Structure formats: structure tokens, C-alpha cells
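Input: a single structure, listed below in C-alpha cells.
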Amino acid sequence: MIKPKFIHLNTRSDYSITSGLNKPQELVKKSFLLNMPAIGMIDSSNFYGVIKFYKSAIKYGIKPIIGVKLKIQFNFIKNITSEINILATNKIGYKNLILLISKAHLKKNNFSLNNIFIKQDWLIKYRKGLIILSGGYNGDFGKYIINKEYDIINLFLDFYNTYFLDYYYFEIHRTNRIYEEQYLQFVIEISKIKNIPVVATNDVCFINKDDFDIHNIKLAIDQKKTINYKKNYLNYSNDQFMKNEHEMCILFHDIPEALQNSIEIAKRCNVNIENKKYFLPKFPIKHINEKDFLISKSIQGLKNRLLILYPEEKIRKNIFKKYQKRLFLELKIINKMNFPGYFLIVMEFIQWAKDNDIPVGPGRGSGAGSLVAYALKITELDPLQFGLIFERFLNPERKSMPDFDIDFCMEKRDLVIEHVSKFYGTENVAQIITFGTMSTKAVIRDVGRALGYPYGFVNKISQLIPLDIGITLKKSLSKKFHLLKLYKKNIEIKRLIDIALRLEGVVRNTGKHAGGVVISPDKLTNFTPLQCDNNVFITQLDKDDINHVGLLKFDFLGLRTLTIIHSAIKMINKSLKKNNHFINLSSIPLNDKKSFTLLQTANTISVFQLESYGMRELIIKLKPDCFEDIISLIALFRPGPLQSGMVDNFINRKHGREPIFYPDIKWQHKSLKPILKSTYGIILYQEQVIKIAQVLSGYKLSKADILQRAMSKKKIKEMAEQRIDFQKNAKKNNISYDFSSKIFDLLEKFSGYGFNKSHSAAYALISYQTLWMKANYPSEFMSSVMNADIDNIEKIKISIQECLRLKIKIIPPNINISMYHFQVNSHSDIIYGLGGIKGVGKSVVQEIVSVRKRIKKFNSFFDFCTNIKSKFINKRILEKLIFSGSFDCFKIKRYILIYLIPKAIKLSKEYDIFKNINQLNLLKKQKNNHLTSYYLSSTNQSNYFSYKKQLDYEKDVLGFYLTGHPIIEYLRELNYYSNIFENNKNKNCKFNLIKLFGIISSIHFKITKKNKNIIFLEITNQCNNFEVIIFDHLIKVYKNILKKDAIIIILGKIIIKNNIRKTRLIAHSMISLDDARNIYVKKIILIIYQNIFYKEILHDIKNNILFSLGGNIPIYICYKLNNNHSNVKLHNRWNVILSEKLIVKLKNLLGDNGVHLSFL
């Protein structure tokens, strides 16, 4: 090997977040291509990418040099930090860097990356095994050279001479940045005087020279600036790329020792992070080892389980040996692989959760296949009953770590993590970091912003990106012809997309894993740096890198459905308490008739895993009638089975439309029937592939699992080897090579779609539990669903619609009976929760409920305002409560209450003042009902708002219409208009058009592949919701009437009509309510009662219609006195153009019954 002349010691990756462009693996690969035998990576303040860097370097046969860029606060310079680069020379140095990084993050004052620094004393304490590079001009004392502050420079040099003699280097760069050369000349001189060596680095931020602009855009995105931000051009240059050895030698030809020192440092740095074992805390037990304790707990647990599963002793005795054999087999594997502690740890925190009323899921993933887990109450599914396989979870031939994914109640999951932290020590437990990257849509917007392009221009491009899972820009260009066309034709779009392609996937920020927690046997800082987020420790290594250093990940996942189930059971048992009857979900029958009736009609909204449109359509076709079918449903509803035709075969075989084979018409074997019977001969589960290999070829389950995994991951070489083994072993069972080869082909084909039955079965159990509750206790279940979504108005809206479909009465929010959450009364009605009102917080409701407990109920609006603390009585809160109908119980119009708000606020404050000076009696003399009467007398019609407006306000705060629907007010005239409109249009139409009318609740614009506009309207009326498609040619005709909240009549052709998806129409013709009125209304009649001042009324009518003159609709005045009336037609010059605005004005003046539209 040729002796190297230079080594890059200072490169940074995108894990530096604020700077650095490339992945650690890319830096290593470039170093390999440059024939460099070593490379150093120094990210800013973190070890996020260290393990990836290390593993990649080992893979390429390159020595990894591990370091970090850290700010340090020296004692001799107050409140100012300097930046240095620190390299680890050995394992001790590596661990010291972990400690320094952790202390910098955990001791910082706030989350700003600029505030992460170490202190001088820490560096002294943990200096062993470390080399310091000065960091160049931007490093420790560069700025003091420019200012000629030599006294301070000497303090730096004295410090390094005292503590880092022979371990400190002056770092020099030549990257064409300001002051670099001035700094370099100074340190060259002083290095000779102080005998401190110099080392050359290139402060690498990107791999190639032409990446400079891309890196600058990344900086601009992070800083929320544009690419023209001058500071970045001062701090970075286009020379900070990974130069080759020759380029660096030319650059520093006059300082050859600086090049040589890069090689010497590389030789001194020898860190090994390889690890071949796992580290778990010792489970706290006395007088017995973990293995024996696990055996004891498992045997006793199994006996307890069997007592419940098989209450009859005779049956239990017959079955016990079968279970015992499986249990001992699992225990043997667990103990041989040294994982008894893992099972005991999981058992402990799950049991703690259950003991503390925290819902735990029945299982998840392959862990549900363990009988030991079932015996220890880690899972709630009997694996033998459903044919689940332990080796899918823990395979002695695979040497993989066990990984239980545990679902907890969403609201209380953190309590379990908190318990684990206390149980094993706060320094030994942390949650796992995740990294957010520049995603496909976001990177388009970010780059556009950094380039200074207009928002509309950038957003239009971003909207062309498909919403597919896992979509990339590259895939988008191949899928979207219109996007590709724009990319090729428009220079600015091409520039934007080219830059976005380079930045897509670059690390942008850090986050917290949804459920990942690590528990170590001692301090976590022996394995990984830590940081803090809201007082929670987080590892700096992600889940894969945590595994590399030997720590086991425990998944504490939050599942909303468990919260729903727990809440519903509490409600149900509360109502059943009077009969001394209680529900236990673990004992409900898995063949409940009501449940399967509900399931077969696909009325599964809010049922776990079974509520999507696609799933409900599959249910209609499959008509599941047993629990095994629910397991199959979850496995079938995936892209692979749906696209392969497997689902159709499954359905047809179940319903006798296709014969059942085990597994194929040409290739059947009697031994496969028991394995494939539950799935009608279809190979659906990974477990079936494993069992077929076991039965036909005599594979051990552990080896069969290896086969299944090779097939599912399409490992060609491994499958070829497995095929030979499979055929040889099958031959021993008198199965021909030809037959075994065909079966192997089928296994290979179906394993690509195969699903983990353990996971499917565990989740099917949760699905069934929610289905059972919806079928048997719908009010309690739906109430719990809405409580879980109390902060999500859109989801509550869907649940309310489902409640109405189920004929569950919804009692609107009521200030005297509503709690924060939804609740069920003795009639099984759901009382709307005040927490479901937009903008009404928990603290407000807590105050309301607290006061209500004390005074029993509020007698009036003012009684409410004077009893609640005045800090809660403000315009915003009162409006929300009024608009929601919470005060309707006082029988006062909502518009009147709105008028009273200022007076109510004033009164509330006065009451608080009098309370404080103990003179409340002065105000209490005026009864609230008198105050109400007084204030009511001062209201007038100018504050009136129509019924439609009242409902619109209600929708604003609830997200939907609850107490009525605005369309009801217009039903009479809409029915009339739509009938005429329908008859007229159908005369000239080739097919029969369907009419509907309603309010436009949403409008979505899209562009087709052929670059045509298309609009999707959401239409709502008192009966249902509809979707209407309007094509390009009609958009031009009707664009003026397509407005949100407009009332519209539509004729169209139905293309979807079923009980699962919304009815969808293609629009043929439309007309707005106002246009229909001006066509079909013959006259407008205004009714005036002569016992009021009709001259003033006439004057007001005149003023209101002035701006609507010029139409064809005549006005008639109807004078009424007692039982007599007379009609007077106004002159044609008073004819008006009818509009909703005019009608509302006239109703404000004359009342709802004072305005009449006549069609005759």
C-alpha cells in the first residue's frame, strides 16, 4: 500500500443539523474512492451519526477517527464560548466524549443548539484519551489574534500546555475565508516558539466543490433566510469540499509538517466500538437466579391461565402436557440465549401498569406467539389456540434480539415509562431519538423559499407531488407527466427540483421515537450520549445504533383504542353496577351474534382496524362470520394481497364460488389441509409457510423461520440453497422432487404477501373487543370514542354522524348537565361534552363543574356569570358557549345572549370585587332573573341573526350542525325549485338525472393528468353528505356560484351509491338558491301588522330594498289587523333582485314570519 501523505481529520455530516450536507456513509465512500486509509468525522455537539460512520468505515476497510466539535466556556473568559474539535484516541477517550457531549446537552439552559457548551473543568476532568484541535480561525482563540489580545492568547496556551501537552494541535485551513491566512501565519510563528504542532484540515462541509450552493441553501433553510444571506458567504466557502491528497499537498506545500501531522494523529486514534453481546439490567430478585425464577413464574402462570381456559379439570389434565411441552421448549430457548431477564423486565412493568389501572394491549407483533409471554401475562392471546409460532419471535438460529412491542393507553403510557425510570434508575433509562429529514413535499417548499420564489409558484409545484407512502422526487417525476413536462420546459422549476433532489432526505431535526425506550444495567452514558427534551432523557443514537452498542429496545407504544376500550368498560360497568353485574373483556365470547351481524353489514366506523372505506368494502365482500375471519381480514387488507388477486380467491373460496385446494389444484397434499383450512387453502400467513416447511420437509421451526424470512426478503442466493435442502428433506418423506419444487415455488410466491399471524391475531382481538362493545353497548362505546378525540373536531363530527345513524340521541351541550367529556345518561343518550366545543379549555370546564357541584345548577345566564370566576368570563369563552347552545336551557334566544355579553362581563367583575370586600349582599339583593329581565328589555331586533346564521355559528364552534340543519329552513322552496329544474333538464338529456340540494361545505380544486381542472364539492343537507364532481367545461359556466356555504341545487349522474362511501355524482347542471328564486318566485309578500308603527316600517323596508332594485320580482305589502288583511302591490319600479342578503335584512325587520315567497 502506498504511504499516505494526508488524512482528512475534520469532516462533518448532515447530522451536524445546522451545517454539513452529506451522510456519514457518503463521506466514508468518498474517502475510499480517494484511496485514503482513514477519515475523521467531527459533527457539531453530537454523536448522532457516529455509529453509522463507524460501521461504514469498517465496511470499506478504512480507519474511523471519531470526534466532535464542541463549544467550551473557559474560566478565564467569562460568558464567552470558544469552539474546539476533539478527537478520541481510544475507548477511554470515546467514553469521555460521550460524557462531555451529554453534560453539554443536559446542563444547557434552553433548547437552542447555540447554547450547548462544555465547561473548562469538565474538559480537565475527562481529558484522558483526547486530542484537541484548535478549530482554525473560528476556533478557540482565532478572534483574539485579529484583535491582538495576546494576554488572552497566552492564557489559552498555558491551559493547553498544562493539561494537553502533546495532545493539542494548532488546526489550520486554507479555504479562502476571511482572516484565515492571518491566523495561519500567527500560529506558524507561535508553534515554533511554544513547540506546539500544526495540522492541516479542510473543514469539510460537503463532498464536491459544486455542492457549495446546495450547502448554502441548506443553511438558508435552517436559518429561515434566502440564499443571498451574506453571513453564510463569510463563514463558508466553495473550497470546503473533500479535496484529494494531491490538492491538499499543493495547498500546504510550504507547511509539510501540517500534512504529516494529519497522518500522525490518524495513527494515534484507535477506537473500537464493535460489540458482540447485549447488556440488560439484572432483574431485582433475591436467593434465586433469573433463569430459575422465569421457569417458576412461567409454570405457575400457565396453570393459572389453564384454570380459566379449561375450567373442567378432566379437560385441563388432558391438555396440560401439550401446553407444558411448548412452555419448556420456549424456556429452554430463552435461557440458552440468555434472555430470561428481558422477559422478567417486560413482565414487571406490564403487571405494574395493570395494577395501576393502565390499559395494556393483548399483544403485538411476533411476541404474541410466545406461550411464556402468555403465562407471564405479557400477552393475552393463547398462541396454541391460534397456531402461533414462538420461533417467529425468538429464533436460536437467527441470533436476533427479542423485541416485544407493547401497546399502552395513550393517556397513561408516560406513567409506565416513569415507573421504569424510577425502578431501574433515572440515569439508566431513556427514550430513543429519531431524525426528521427533508421530506419530498416540504423540501420543494423549503428550497423555493430559500431561492426567494413566490409562495404560489412553489406551492403549485409542491401540489403536483403524489401523496403515496414512500414517494420521492425521483418517483414523482416518473409518475407525474405534468411535473416532468414542467421540469423539462421551465428553467426555474428545473433549478428548484434539482436542488430539492440533492437535499431530499438530508437530516433536518431531531425527534423522539413513538415508543422506543432503552434500559441499561448501569449509566446510559457508558453506551450513548444523552440529551434532554422536556425533562425526558433521550439517547443520541437511534434504534439501530442502540442495538449496535448492545442495548435492548423496549417499545412502549401509545394506542388510542386502548383508551377507548378502558373508558367504555368503565361506563358500561357503572351502568351495570345497580344489577351487580360487570363486564370483563377477557371473558366475552368470540362468537357473539350481534357483533357479527354488525360486522357483516360493514357498520364498523370506529371499530379498530376495520373502519376505513377500503376495509369496509372488503368486509361486505367477505362477510366474515368467525374470529378467524377477522384475523384474515387484517392480513388481507394490504397492498400485496389486494393487488395480487389473492383476496378475490380467498372470498370466492369462502363463499363456494371457487373450489378449495390445499394449496393448488395440481399440487395438493393431505398434510397441508390442517395448516390451510382456516384460510380456505390460501397461504396467507408467514406461520403457514413455516409449518408447511416443517410438515413436508421435516424442518425445525427455527430453520423454517429462516427459510420464510429469506423468501419474504427475496434473498436469491439463500433461497437457492434452501430449495435444495427443502427438496432433499421432502424426499425423505416420500415427496417427489417435482412436487416439492412446485410447493417451494408456491411458498416463494405467497411469502411475498405473507403476514405475521401473531400480529394479525393480537390486533384482531382488539378489533373484536371494539366491535363487541359497539354492537352491545353502542352509546358507551361511541361516547368513549369521542372522548378520545375530544381535541379533534373533525373526528367528533364523523362519530356524531355515526351516532345519529345508530339512532343514539345526542343531547346538545348544556351548561347545567354537561361535563368536560361526553357521557351517557340513564336513557343511553349521549350528553355532549363541553370539551368538544372549539376553544373551550379544560380549566374553564373544571371551574364550571366545580361551581355546579356547589350550587347544584345555574338558574340563568347571569347566575352563571356571577358564580364563575371573572377570569373565565370573557367575550371569547361566552361566545363559544352561547353559539354551541350551552345556554339554551335558559330559554333565551342566542342572539340576545350575545348582546348581553358586555353587561355579563361587567357584572362578573363587580361580583368578584364585592366578594373580596365581603359585601356580596349588596348585589345579591337584585335577583338574577330580574337582572335578566332588565337587560332583555334593552335588546332589539338589530342584534337578530337568522336561524341559518345561528346554525353557522354553531358549526363554527362544534364543527358541524347539531341542533338542526340550515337547509330545513329552505326545504319548501328548494323542493319546488328542484322539481321544476329537474323536469326542465331531463327533457333534453339522454339519461335520467338525479337531483339533490344542499350546502357546499368544502371545495377542492385539482388538475388532471391532461392538465384539465376538476372540482370536488362536498354537499351536506339534513339527510346526508354527498360528493359532487365538476369537470372543466362546467367549471367555466358555474364558477360564480361555487362558494363555500352557498345553497345549491344539482342535477347529476350517480357513480357511487352504497352504505360505505359517500354518494358521488358527476354534475350535469346546477343552479344557486338565489338564481332559482329569481327564476321561479312570482312575488315576495311582506306582512305588516297595523298595531305597530307601519309608516316607520315602510320607511325601513324602502331603505333595505334600495340596493336590490332592478329585478323582476314584485313586492306586495300585506296589512294585517286582527283577522282582516289587505294586499297592496308596489309599483314595478320597486321590483327587486332576490338574494339571501335581502331576505335576511327583511326578516330582521319583520321577523321570520313576516317575509313570504310566493310561487303563484
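Going left to right, the sequence shown walks through residues 1 to 1160 as the UniProt record's numbering numbers them.
Quick reminder that beta carbons are idealized off the backbone N, C-alpha and C, glycines included.
Since we're looking at a predicted model, the values are computed, not measured.
Where do the ends of the alpha helix (DSSP H) carrying residue i lie?
| i | result |
| --- | --- |
| residue 1164 | Nothing can be reported for residue 1164, as the shown portion of the chain is limited to 1 through 1160. |
| serine 799 | 793–805 |
| valine 785 | 778–788 |
| glutamine 531 | Segment 530–533 is the beta strand (DSSP E) holding glutamine 531; no alpha helix (DSSP H) there. |
| lysine 875 | 875–883 |
| serine 741 | 737–751 |
| threonine 440 | 440–451 |
| phenylalanine 1112 | In the sequence on display, residue 1112 carries asparagine and not phenylalanine. That residue, asparagine 1112, is in no alpha helix (DSSP H); its beta strand (DSSP E) goes 1109–1113. |
| tyrosine 54 | 50–60 |
| aspartate 544 | 543–548 |
Is DSSP giving residue i helix, strand or coil here?
| i | result |
| --- | --- |
| glutamate 1140 | helix |
| glycine 698 | coil |
| histidine 930 | In this predicted model, histidine 930 has a pLDDT of only 48, less than 50, meaning its place in the structure is not dependable enough to derive any value. |
| arginine 508 | strand |
| serine 938 | The predicted model places serine 938 with a pLDDT of 48, which falls under 50 and marks its position as unreliable; any figure quoted below should be read in that light. Three-state result, serine 938: coil. |
| isoleucine 651 | helix |
| glutamate 969 | helix |
| asparagine 110 | Here asparagine 110 scores only 45 on pLDDT, less than 50, and its place in the model is too uncertain to base an answer on. |
| leucine 1150 | helix |
| methionine 242 | coil |
| proline 362 | coil |
| aspartate 210 | helix |
| leucine 633 | helix |
| proline 340 | helix |
| glutamine 823 | strand |
| cysteine 626 | coil |
| cysteine 409 | strand |
Who are residue i's beta bridge partners in DSSP?
| i | result |
| --- | --- |
| asparagine 1127 | Cys1118 |
| glutamate 83 | Lys71 |
| threonine 1020 | Ile999, Asn1025 |
| isoleucine 1049 | Phe997, Ile1071 |
| phenylalanine 170 | Val198 |
| isoleucine 1087 | Cys1118 |
Do residue j and residue i come within 8 Å of each other at the CB atom, strictly closer than that value?
| i | j | result |
| --- | --- | --- |
| asparagine 79 | glutamine 120 | no |
| glycine 1052 | isoleucine 994 | yes |
| asparagine 10 | aspartate 203 | yes |
| asparagine 573 | isoleucine 564 | no |
| leucine 381 | alanine 762 | yes |
| glycine 387 | asparagine 756 | no |
| serine 191 | valine 198 | yes |
| asparagine 96 | leucine 133 | no |
| asparagine 335 | isoleucine 207 | no |
| valine 420 | isoleucine 519 | yes |
| lysine 594 | asparagine 776 | yes |
| asparagine 975 | glycine 998 | no |
| isoleucine 1015 | histidine 1033 | no |
| tyrosine 1116 | asparagine 1104 | no |
| isoleucine 706 | lysine 691 | no |
| residue 1163 | isoleucine 830 | Given that the chain is displayed from residue 1 to residue 1160, the structure contains no residue 1163 and the question cannot be resolved. |
How far does the beta strand (DSSP E) with residue i in it extend, from its first residue to its last?
| i | result |
| --- | --- |
| phenylalanine 537 | 536–539 |
| leucine 1157 | 1155–1158 |
| alanine 38 | 38–44 |
Query raised in the report: Would the region 283–300 and the region 29–43 be scored as touching if the rule is three or more Cβ pairs under 8 Å?
Result: Taking a cut-off of 8 Å for Cβ pairs, the region 283–300 and the region 29–43 do not touch, as fewer than three such pairs fall below it.
Query raised in the report: Below 8 Å, can you find three or more Cβ-Cβ pairs linking the region 388–399 to the region 542–559?
Result: no
Query raised in the report: Is it true that the region 636–653 meets the region 612–623, where meeting means three or more beta-carbon pairs spaced less than 8 Å apart?
Result: yes
Report task. Tell me, please, whether the region 127–145 touches the region 221–231 by the rule of three or more beta-carbon pairs shorter than 8 Å. Result -> no
Query - Given 8 Å, three or more beta-carbon pairs between the region 772–789 and the region 734–752 - result: no
Requested in this report: Decide if the region 785–792 is in contact with the region 862–874; the criterion is three or more beta carbon pairs, one per stretch, under 8 Å apart.
Outcome: The answer is no - the region 862–874 does not touch the region 785–792, with fewer than three Cβ pairs under 8 Å.
Query raised in the report: Contact between the region 878–890 and the region 956–975: three or more CB pairs below 8 Å?
Result: In short, these stretches touch, since the Cβ pair count reaches three.
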